[in-house]
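For reference, the structure is listed below as C-alpha cells.
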Amino acid sequence: MLIDKIRSGERLSFGQQLKLTVQLSWPAMMAQLSSMMMQYIDAAMVGHLGADPSAAVGLVSTSLWLFWGICSAVTMGFSVQVAHSIGASDHARGRRILRQSIIACFLFSLVVAAVGAAIAWPLPHWLGGKESICPDASFYFLVFVLALPLFTMNYLGGGMLRCSGNMKVPGCLNVMMCVLDVIFNFLLIFPTRSIDIAGVSLTMPGAGLGVLGAALGTAAAEIITAGLMMYFLCFRQDGLAIAKVKEKGSFRPEWEVLRKALKVSAPMTLEHVVICGAQIAVTVIVAPLGVMAIAANAFAVTAESLCYMPGYGISEAATTLVGQSYGAKRKDLAKRFGYITTGMGMLTMSIMGIVMYIFAADVMALMSPVKDIIDLGAEALRIEAFAEPMFAASIVAYGVMIGVGDTVLPAVMNFSSIWLVRVPLAAWLAPTMGLAGVWLAMCIELCFRGAIFLWRLISGAWLKKGL
Numbered sequence: 127m128l129i130d131k132i133r134s135g136e137r138l139s140f141g142q143q144l145k146l147t148v149q150l151s152w153p154a155m156m157a158q159l160s161s162m163m164m165q166y167i168d169a170a171m172v173g174h175l176g177a178d179p180s181a182a183v184g185l186v187s188t189s190l191w192l193f194w195g196i197c198s199a200v201t202m203g204f205s206v207q208v209a210h211s212i213g214a215s216d217h218a219r220g221r222r223i224l225r226q227s228i229i230a231c232f233l234f235s236l237v238v239a240a241v242g243a244a245i246a247w248p249l250p251h252w253l254g255g256k257e258s259i260c261p262d263a264s265f266y267f268l269v270f271v272l273a274l275p276l277f278t279m280n281y282l283g284g285g286m287l288r289c290s291g292n293m294k295v296p297g298c299l300n301v302m303m304c305v306l307d308v309i310f311n312f313l314l315i316f317p318t319r320s321i322d323i324a325g326v327s328l329t330m331p332g333a334g335l336g337v338l339g340a341a342l343g344t345a346a347a348e349i350i351t352a353g354l355m356m357y358f359l360c361f362r363q364d365g366l367a368i369a370k371v372k373e374k375g376s377f378r379p380e381w382e383v384l385r386k387a388l389k390v391s392a393p394m395t396l397e398h399v400v401i402c403g404a405q406i407a408v409t410v411i412v413a414p415l416g417v418m419a420i421a422a423n424a425f426a427v428t429a430e431s432l433c434y435m436p437g438y439g440i441s442e443a444a445t446t447l448v449g450q451s452y453g454a455k456r457k458d459l460a461k462r463f464g465y466i467t468t469g470m471g472m473l474t475m476s477i478m479g480i481v482m483y484i485f486a487a488d489v490m491a492l493m494s495p496v497k498d499i500i501d502l503g504a505e506a507l508r509i510e511a512f513a514e515p516m517f518a519a520s521i522v523a524y525g526v527m528i529g530v531g532d533t534v535l536p537a538v539m540n541f542s543s544i545w546l547v548r549v550p551l552a553a554w555l556a557p558t559m560g561l562a563g564v565w566l567a568m569c570i571e572l573c574f575r576g577a578i579f580l581w582r583l584i585s586g587a588w589l590k591k592g593l
C-alpha cells in the first residue's frame, strides 16, 4: 500500500501523494456525509411535524455540538499519538496508548454527561426559548447527553482506525449508522398510520414520540455503530487489535501519555467550548427574531453541512497523512501533504458551494413545508455559499496542524475569529437585516478565518510546534 511507503522512508512522487490523499479522503468524506445525512434526516422528519418541534430541536442543537465536540476533542489527543506511533512502526506503543485511551475517555465522558443531565431542564429557558417548545427541547437534549459515554467510544474507535490509515471501516459503519437512523426515526417519530405504496394501503407501526423519538432513534443508531467500531479496532485492526496480541498491558492511564494527550486535546477542547459558546450566543441573537427564524436557522445550518462535511473528511485524511509522515521524521512530506489536502478541500467545497447556491430553496423545501422557513433558509444558504472556499481552508489546514500535534495557536485563531468577528457583526446586523444579517456575519468571519489559516500553513511554523 502507498501509505506503507511513508513508514518505510520510500520516495513518493507527486502523483502518488495525490492518489494517496484521494484514497484516504474518499472514505472519510463518505463517513462525514453520512453523519451529515443523519442530521438532515432528523431535521427533515421533525420538520414535517411543524414549526414548534423544529424550533425545539434547533434551540438546543448548538449546545449538543458543544458536548459532542468536547468528548470528540479528548479522543484526538490519543489518536494523534497512535498516528505518530504507527508512522514510526512502533505498534506496541500504539496498543499501549489505545488501552489507556479507552479508560481515560470513558471516565471523562461520564463527567461531561453528568453535567449535561444536570442542566437539561433549564437550558432551553436560558437560551430564550418559548414555553411551548422548552419541554421537547429538554428531553431531546437529555437523551443525547445520557448516551455521551457510548458516543465517545464511537469517536475514539473511528479516530483510531482513521489515524492508522483505515478509512473504509469507519466510512462503511457511518453509512450503516445513517440507514439505521432512518429506520429507527421512521418507527419512533411518527404514530401508527396508513401509507399507500403502488396503490396498496399498508399500516405502518409507529411510536408517535415526535421530537423525543428523533433523539432516541439517532442515539440507538450511534450506540450500535459504537459497538461495531470498537470491535473492529480492538479485535480486527492490524497492529492495534489488543485482543489479538498476546501481551500484557495495563489500561491504567500513564502520565506521559496523558500529558501528550492533554497537549493536543486541551486546546481543542477549550477552542470547541469557546466556539460553541459563540454559536450559542448567535442562537440567543436569533431567538428574538421568532420561531420561523429559529427553525430556518437550524435547518440552514444542517443543510450547509452538505458543503462542509466533505472538507472535514479531507481534514481527517490530512491528519492521518501528516501525522504518520511526522512520526516517520519526514517533515518535507508532511508539508507537501498539507498543501495537497488543503487545495483539494478548497476545490471540493467551492463546487459544493455552487451547488448549494443553485439548489438552496429545493434543499430547504425537503426539510420543511413552511414557506417562510424555506424562504429565510434559502436566503441564508446563498449568502453562506460565497464563504465555502475559505471555510475549507480553515477546516483542512486545522486538520493538517492537528496531525503534528500543533493545536494551541490554531485553537486561538479559531475562537478569536468567531468571537471577535462573527458575534459582534451578527449582533450589529440582526436587528436591521434579520436572519440574513446573522448569516452575512458568518460569511465574513469564515473568509477571514480561512485567510489566517492559509497564512500559517504557508509559513510552515506549525511544523515546529509538534509533539
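When you read off a place in the sequence shown, starting at 1, and then add 126, the result is the number in our numbering.
Glycine included, each C-beta is placed from N, C-alpha and C at the ideal position.
Quick caveat, the model's predicted, so the values are computed rather than measured.
According to the DSSP secondary-structure assignment, I368 is paired through a beta bridge with no residue. Classified as exposed, V241 has fewer than 16 neighbouring CB atoms from the shown chains inside 10 Å of its CB.
Beta-bridge partners assigned by DSSP to R575: none are found. Between M516 and F463, the C-beta spacing is not below 9 angstroms. When DSSP states are grouped into helix, strand and coil, G332 belongs to the strand group.
Distance from the CA atom of L359 to the CA atom of R548, rounded to whole angstroms, is 39 angstroms. Taking C-beta separations shorter than 7 angstroms and ignoring five residues to either side along the sequence, the partners of I401 in its chain run N540, F541 and I544, following chain order. Its chain contains D532 as the residues whose beta carbon lies nearer than 6 angstroms to that of K591, once the 5 sequence neighbours on both sides are disregarded; these appear in chain order. For I466, the enclosing alpha helix (DSSP H) begins and ends at K457 to M493. DSSP lists I323 as the beta-bridge partner residues of V326. Linking A429 to I212 through their CA atoms gives a straight-line distance of about 37 angstroms. When the five nearest sequence neighbours on each side are left out, the beta carbons in the same chain lying within less than 6 angstroms of the beta carbon of W191 are those of C402, in order along the chain. DSSP places P248 outside both helix and strand once states are collapsed to three, so it counts as coil. Close CB contacts of R582 within its chain, under the 8 angstroms cut and outside five residues either way in sequence, are with A523, M527, L535, P536, M539 and W588 (chain order).
Secondary structure of P414 (DSSP, three-state): helix. In the DSSP assignment, V186 falls within the unbroken alpha helix (DSSP H) covering A177 to G213. A218 is classed as exposed because its beta carbon has fewer than 16 other beta carbons within 10 Å across all chains shown.
Look at P379 here: in three-state DSSP terms it is coil, with no helix or strand label.
Looking at M155, F270, V408 and F377, the one whose alpha-carbon comes closest to that of A567 is V408. About 5 angstroms separates the beta carbon of M355 from that of N280, a gap short enough to meet the 8 angstroms contact definition. For the pair T188 and I521, the CB atoms are not nearer than the 9 angstroms cut-off.
Per the DSSP secondary-structure output, P317 pairs in a beta bridge with A333. Within its own chain, the residues whose Cβ lies closer than 6 angstroms to the Cβ of T474, once the five positions on either side in sequence are excluded, are P436, listed in chain order.
Assignment of M516 by DSSP, reduced to helix, strand and coil, places it in the helix class.
If you draw a 10 Å sphere on the C-beta of E505, you find 16 or more other C-beta atoms in it, and that means buried.
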